[in-house]
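**Q**
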Amino acid sequence: MYSYLLEELSKAIGARLLISFDYEGESHTVEPHLLGQNQQHKDCLLAWRISKEDQHKQTWHCYYLNQMQNTKILDERFSRKRPGYDPYDSTMTRVYYRI
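Residue numbers (full-length UniProt numbering): 1 to 99.
1) DSSP three-state call for Lys-72: helix, strand or coil?
2) Quick check: what's the CA-CA separation for Gly-14 versus Ile-99?
3) With 16 other CB atoms within 10 Å as the buried threshold, where does Asp-22 fall?
4) Give the range of the alpha helix (DSSP H) segment to which Glu-7 is assigned.
5) From this set, Tyr-97, Asp-86, Thr-93 and Arg-77, which residue's C-alpha is nearest Thr-29's C-alpha?
6) Indicate, with yes or no, if the ligand NAP has a heavy atom lying under 7 Å from the CB of Phe-78.
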């Protein structure tokens, strides 16, 4: 199951497809940019959260994969990297896949 999630998230990053999932009791829709392991050795997804209701929620987040639930790859694409994206993010000790 977990390796399946890694594979699907990698595909979504490569195809620049939006992802939706539940996280800490909220629904999230994100533009995935980087999948890897942080300094605490936790697998995580660095993504730009998009919110149509609240512009202040549109920002970078690092999501722990083991806390993501009901993950779905959407048919909607995003076209550009978001401002502030660093493909060599220093918080990641290992990168599995990135834009």
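Glycine is no exception: its CB is placed at the ideal position from the N, C-alpha and C atoms.
**A** In short, the structure shows the following:
1) strand
2) 7 Å
3) exposed
4) 2-15
5) Arg-77
6) The ligand NAP is not part of this structure, which contains no ligands at all.
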